[in-house]
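The letter at position 40 of the sequence shown is residue 55 when you use the working numbering, and the numbering goes up by one with no holes. Beta carbons are placed, not taken as given, at the ideal position from N, Cα and C, and that holds for glycine.
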Amino acid sequence: AELIDLLRVSRENNARDEVTGLLLYQGGNFIQLLEGDADAVDTVYARVEKDPRHHSVLRMLDGESTERLFPDWSMAFRPASGLSSELRQEIADFIAKAPQEAATTDGRRALRLVSSFVQSMR
16 AELIDLLRVS
26 RENNARDEVT
36 GLLLYQGGNF
46 IQLLEGDADA
56 VDTVYARVEK
66 DPRHHSVLRM
76 LDGESTERLF
86 PDWSMAFRPA
96 SGLSSELRQE
106 IADFIAKAPQ
116 EAATTDGRRA
126 LRLVSSFVQS
136 MR
């Protein structure tokens, strides 16, 4: 119930602030992608960092794009139970390695994971 409430509030705030993106949740961990005006995204990110429900917030990738990946999703969401076992394992592996990957990569693995999620939504 707490997760659904968080998702509802996030969707309302993101729609108001013209921020789009997705939220993956598995085993108490989140992977979130935000896109929109840089100031609006930074405001959302700062709100997440200050929220006492969040721990070990880690920015994996930060950059600009000419178009949004999720123009119609104020916050796409799918519980892990709705994903293939392969994608669930990929998410679990990514979460386990996230701190090391953030320090050593340019975010390509994160983008591949997002792409896999998008494919699962079709």
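Asked, Found
"Rounded C-alpha distance that separates A55 from L73", "18 Å"
"Among D77, I46, N44, S135, nearest to D52 - alpha-carbon criterion", "D77"
"Buried or exposed (CB count within 10 angstroms, at least 16 for buried), A16", "exposed"
"Reduced DSSP category for E105 - H, G, I as helix; E, B as strand; rest coil", "helix"
"Proximity of V34 and V59 at Cβ, strictly below 7 Å", "yes"
"Exposure of G36, with buried meaning 16 or more beta-carbon neighbours within 10 Å", "buried"
"Close Cβ partners of R68 (< 6 Å) along its chain, the five nearest in sequence each way excluded", "none"
"Nearest candidate by alpha-carbon position, reference R31, set M90, V129, L126, R123", "M90"
"Burial state of M75, where buried means 16 or more other Cβ atoms lie within 10 Å", "buried"
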